[in-house]
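The block underneath contains the structure these notes are about, expressed in structure tokens.
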Amino acid sequence: MGQDLVAEQTPDAFRAFTRALLRDLQALERMLDSGMIESGIRRIGAEQEFFLVGRGWRPASTGVEVLKRLGEPFTPELARFNLEVNLEPSVLEGDAFSRMEARLDELMLQAREAARAEGSEVCLTGILPTLTKADLTLENITPRARYYALNDALARMRGGGVFRLRIEGTDELLVEHDSVMLESCNTSAQVHLQVSAEEFVPFYNMAQAITGPVLAAAVNSPLLFGKRLWAETRIALFQQSLDTRSGTMHLREMSPRVRFGDRWIHDSVIDLFQEDIARFRVLLATNVDEDPIAILDAGGIPKLQALQLHNGTVYRWNRPCYGISDGKPHLRIECRTLPSGPTVLDEVANAAFWIGAVLGGVAEYGDITEVMDFDDVKGNCAAAAKLGLKAAMNWVGGQTVSAPDLILGTLLPLARRGLDQYGVRPADIDRYLGVIADRVESGQTGATWAMRSLTHMKDQGTRGERLAAVTAASVRLQQEAGPVHRWPLAELEEAGGWKLNYLRVEQYMTTYLFTVHEDELVQMVAFLMDRKQIRHVLVEDDNHRLVGLVSYRSVLRLISQSGGEFDEDDARPVKMIMDRDPVTVTPETATLEAIELMRDRRVSCLPVVDQGKLVGIVSERDFMPIAYQLLEERLREAEE
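Each step along the sequence shown adds one to the number in this note's numbering, with nothing skipped, and position 560 is 1371.
Here it is in structure tokens:
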């Protein structure tokens, strides 16, 4: 997905691209058969994705401007509030990981300086806590042809433009969205490990086997749209945001485009490329300017452009990759499960753990498929994403063990031996694997830190302020403090004040609603107002569209007309007294606009509607904290 598209996305272009794709696969098979893939060297690499945040610690759409200040090796991402930087590959030896850490620190410093010049800041996190659905409009998509084409292609393959997201954790999230921008909620720290063609199968299978427990120690994305969900919500979010399967195909087995996999591989890397070509239609097409077979005949090395583009649109959590380094073709395994942050040190520790566990696991177990069932491996990944270090893991020989016990007792020693056999400096092994051990022993991952911080601030401020405080603390601590297991909890004061969390209606609106249907009894409205201490009851239809509003005054008026009380046999429906055309706002409405609207229209509440659906309400009561804060500030100014 790193290359811009130069072909129109037409049937002719797709057919031409498919021919090139099949020819690339044929060329790769020939390269494997003739031993052309580089061997005898072990390289590692990384890709760092990150968010840009601005006022109120919310997403800052400054990516295009920041990128102009940075240039290579920084690259754009789907949303204007995301960027990515790619590290140069290095040989796995000696101080490889400390050099990786130093280079990432250097690049993040450059990114922070460029971001600050544009009034924003860098945040390393899997999912930004302050993101809202309003940030995911196409106005925030990075203006490049491939991103618009990706959005159109996914909508076309789904048979419509609606993306549905459902994730259940401590809270439940149900979202419908009209573009691919849901995918931009994710940022990761991807790790690459170069392997030879001959060893690809055992190394790839081992990478699959250790993904679950490694992820359990690395989780850093527990929040989405203010909801407390999975320990690593990115896993569910990424899979669902790029899912091209239609909901009407419930009788047919279809693989998601984002996937862990369904089975071990046994022959070669061709197994994976071949399956992905067979299962997933071409999503994007580009003009291919090489004939790989002719290049091979001439003694050259083809880029396999079509294969690389298609591979970039099939999102395996452990993805096979083809590339060329120093004029030689090579194969890599790319780990995509690891989230961005919480610190560069944490990320490099995660990378060392994953790479070391793959290397040590192959040396210890050889063919992992002989001692583990693939369903257990796949289940481990799902459990880790949902529960983090609280997950139970299935390991070799059918044993079930807690994630911390498996990591501390088995995988860290394996990783240590794996890194040691490649001459990684002992001090580096101690440093990075020590971070993992301390994190696991303390129980504080990035995910648990965020959740504990929210609990710590539970009765303080608004939800928006608490999420802003978590984000602000993350930005500060990832620059000033050590690894996440040493972080103190976030404090509400870090949110930057209440004003930045009352900019738009969605930041403080009430979303836990008590509603009625227009055909229900008026007495139900009175019951809700009395028992729930509310002054307005919203009326919605079966599709959650707002059709009216009943105020406390209208109920009092009805009671007065009835002689001061409801008759038990009173069967009057809500539609007899409801306001059929209430004044509404959207989640994106500015607070000053909402206040002016309430004052001009002389209403005491505003239902909040998004794309025709009722999503919340704002009342005079919601502005009381603002009035209190303003009054307190003015009184203090007067005293001074």
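Built from N, CA and C at the ideal position, the CB exists for glycine as well.
Going by DSSP, residue 962 is part of the alpha helix (DSSP H) stretching over 956 to 968.
With respect to residue 1322, residue 1430 sits apart: the two C-beta atoms are not nearer than 9 Å. A Cβ-Cβ contact shorter than 9 Å links residue 1398 with residue 1419. Listed in chain order, the alpha helix (DSSP H) runs fully inside the region 1092 to 1152 are 1103 to 1108 and 1116 to 1122, counting runs of at least 4 residues. Excluding its 5 nearest sequence neighbours in each direction, residue 1355 has C-beta neighbours in its own chain below 7 Å: 1424 and 1425, listed in chain order.
CA-CA distance, residue 1127 to residue 1147, rounds to 8 Å.
A contact between stretches requires three or more CB pairs, one per stretch, nearer than 8 Å, and the region 1005 to 1019 fails this requirement with the region 964 to 981. The beta-carbon distance between residue 1028 and residue 859, rounded to whole angstroms, is 19 Å. This is too long to meet the 8 Å contact definition. Between residue 1275 and residue 1037, the C-beta gap is smaller than 9 Å, which places the two residues in contact. Residue state for residue 1351 is assigned as strand, using DSSP reduced to three classes.
Scanning the region 851 to 912 from its first residue to its last, the whole alpha helix (DSSP H) runs of 4-plus residues come out as 874 to 881. Take the alpha-carbon of residue 1085 and the one of residue 1403: they are about 57 Å apart. Here the alpha carbons of residue 1094 and residue 964 stand approximately 6 Å from one another. Taken through DSSP and simplified to helix, strand or coil, residue 1395 comes out as coil. Scanning the region 1193 to 1234 for uninterrupted beta strand (DSSP E) segments of 3 residues or longer gives 1203 to 1205 and 1211 to 1213, listed from N- to C-terminal end. Residue nearest to residue 1075 within the set 1329, 847, 1186 and 895 is 1186 (criterion: CA-CA distance). 1329 is the residue among 1052, 1188 and 1329 whose C-alpha sits nearest the C-alpha of residue 1353.
Residue state for residue 942 is assigned as coil, using DSSP reduced to three classes.
Residue 997 sits close to residue 1045, with the two beta carbons spaced by under 9 Å.
In this chain, the beta strand (DSSP E) harbouring residue 1002 covers 1000 to 1006. Between residue 1333 and residue 1393, the CB-CB gap reaches or exceeds 9 Å. Counted as a single uninterrupted DSSP element, the beta strand (DSSP E) harbouring residue 974 occupies residues 974 to 979. In its chain, beyond the 5 residues on either side, 949 and 962 have a beta carbon closer than 6 Å to the beta carbon of residue 990. Around residue 856, the same chain offers 898, 900 and 1003 as residues with beta carbons nearer than 6 Å, after the five sequence neighbours per side are excluded.
For residue 1267, the enclosing alpha helix (DSSP H) begins and ends at 1257 to 1267.
Taking a contact as a CB-CB distance under 8 Å, the pair residue 1157 and residue 1246 counts as one, their CB atoms being some 7 Å apart.
Assigned with DSSP and collapsed to three states, residue 1329 falls in coil, not helix or strand. Here residue 1024 carries a helix assignment [DSSP, helix/strand/coil]. Residue 943 sits close to residue 869, with the two beta carbons spaced by under 9 Å. For residue 1086, the enclosing alpha helix (DSSP H) begins and ends at 1081 to 1090. DSSP places residue 1388 in the coil class of the three-state scheme, outside both helix and strand. Within a 10 Å sphere around the beta-carbon of residue 1347 sit 16 or more other beta-carbons, which makes this residue buried. Burial check for residue 1182: the Cβ neighbour count within 10 Å stays below 16, so the residue is exposed. Pairing residue 1235 with residue 905 gives a Cβ-Cβ distance under 9 Å. Here residue 833 is exposed: its Cβ has fewer than 16 other Cβ atoms, across all protein chains shown, within 10 Å. Judged by beta-carbon spacing, residue 849 lies beyond the 9 Å limit of residue 1079, meaning their Cβ atoms are not closer than that value.
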